[in-house]
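Presented below is the structure to which this report refers.
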Amino acid sequence: MAVIRKKEKREVPAIGTSSLPDVVFMILFFFMATSTMREQELLVQYKLPEATEIQKLEKKSLVSYIHIGPPSRAMRQKFGDTPRIQLNDTYRTAADIGQFIASERDKLGEADRPFMMVSLKADQATRMGVVTDVKQELRRAEALKVTYVATKAAQGL
Amino acid sequence: MGKRKIQEINAGSMADIAFLMLIFFLVTTTMNTDSGIQRVLPPMQEEDQRDPGMDVNRRNLLFVSVNKFDGIMVGGQPMTANMIKDKVKEFVLNPYDDPNLPTKEEADIPLIGKFMVSKGVVSLQNDRGTSYNTYVQVQNELTRAFNEIRDEVSNQYFGKKFIDLNDAQREAVQKAVPTQISEAEPRNIDKI
């Protein structure tokens, strides 16, 4: 007994697009959940000073950050509350800044190096002694473009 | 009453709506960028070099010092932060050609022409005990003084505010009103 199979005309069914919005939403939520704004974990806390004459830092890739302030709450047990300097992810001293600047400069392309900028984020109650040490080290490392990060104040003082 | 069948909403365009929203948020969200007062530090000097501040004529210098109690002194007078701006403006502009205030030098600047460029330098000095907040306030006021002078000059020559100028005009005004803020070598000042 032979069953003669007649060649059926098979058609590829069209892919349903009704679940496409769900897929897109899923991607949207995935990126919303995973993207973090800050690449660095802060070990110090600061309240930035207020100023009126501030300019935006334009090219983020050219900017290196130096944070100065008392250790954050979780770290206070261990480190006390004298202001500290945070470079990358650890507490450092002013003497390490030369090396930090050199490594940051190495990350930049040859053409961008002269435009390197340092953004100084310091707590407003910090004494200038610490800041001056940092500035002296920056001068020694020839990273001369400095921004004192501040929040926008309402007009006047 | 006849039961009416509720029409199904066509969901085919939902994807487009989602994409539109995605793109809208992609475009409008800006990572919060920092802003602050920008300064260029002087290069480190050699040990045997003399302080360049000493070469400047005495009348061209305005000393701004901040002590460890956050007291501010400008040109020998104690001041509050909001008085600094006018004092600095008066110093830099020297409107009545006072012999105690800075000299001016005629310079030929493109787009502006002959302009009397002030040779005044503001010398800022702070103690190691000064608070960062006060330091930034003072820096802010100094910047404000120079920005206001620039606005005045831009208004006079181009009829616009400094920020609204194009690059060439901006450069010209920057040449006419250079930001002359010098930070002295750090040392402790206890007096005042």
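Chains as they are written, first to last, in the numbering used here: chain A, 1 to 157; chain B, 158 to 349. Ideal Cβ placement from N, Cα and C applies to all residues, glycine included.
Would you verify that the beta carbon of residue i is, or is not, closer than 9 angstroms to some beta carbon of chain A?
i	result
D321/B	no
K348/B	With a pLDDT of 41 at K348/B, under the threshold of 50, the predicted position of this residue should be treated as unreliable, and no value is reported.
F248/B	no
T260/B	no
Enumerate in chain order the residues of its own chain whose CB-to-CB distance from residue i is below 8 angstroms, with the five nearest sequence positions on each side excluded.
i	result
L198/B	E340
A325/B	P267, L268
Take residue i as the anchor and find which of the options has the nearest alpha-carbon.
i	options	result
P267/B	G316/B, S192/B, Q331/B	Q331/B
A102/A	R140/A, K78/A, A51/A	R140/A
S72/A	L120/A, I54/A, D89/A	D89/A
D191/B	A143/A, S61/A, G16/A, F25/A	S61/A
M260/B	N217/B, R307/B, I320/B	First, the residue type needs correcting, since residue 260/B is Thr and not Met in the sequence shown. Here the closest residue by C-alpha is N217/B.
D133/A	E110/A, I68/A, L108/A, D112/A	I68/A
R301/B	F31/A, V23/A, I54/A, T17/A	I54/A
L219/B	N239/B, P200/B, E165/B, L250/B	L250/B
Using a Cβ-Cβ distance under 9 angstroms, would residue i count as near chain B?
i	result
A102/A	no
D123/A	yes
S64/A	no
P21/A	yes
L157/A	Annotation note: pLDDT 44 at L157/A (below 50); position unreliable, coordinate value reported separately. Judged by the 9 angstroms Cβ criterion, L157/A is in contact with chain B.
R49/A	Rather than Arg, the amino acid found at residue 49/A in this sequence is Pro. By this cut-off, P49/A is an interface position.
G98/A	no
V131/A	yes
M128/A	yes
When DSSP labels each residue in this structure, what does residue i get in the three-state scheme?
i	result
Y289/B	helix
N297/B	helix
D265/B	strand
I15/A	coil
P71/A	strand
N283/B	strand
F226/B	coil
D347/B	Note that D347/B has pLDDT 45, beneath the 50 cutoff, so the model's placement of it is unreliable and no number is given.
R216/B	helix
S275/B	strand
M178/B	helix
L157/A	Note on L157/A: pLDDT 44, under 50, position unreliable in the model; no value is reported.
A160/A	The question about residue 160/A has no answer here: the residues shown for chain A are numbered 1 through 157.
M117/A	strand
R92/A	strand
Just to confirm my understanding: we take residue i, look at its own chain, exclude 5 residues before and 5 after, and list those with CB closer than 6 angstroms. What are they?
i	result
A175/B	none
A94/A	D133, V134, E137
Grab me the residues of residue i's own chain with a C-beta within less than 7 angstroms of its C-beta, minus the 5 sequence neighbours each way, in chain order.
i	result
G286/B	K225
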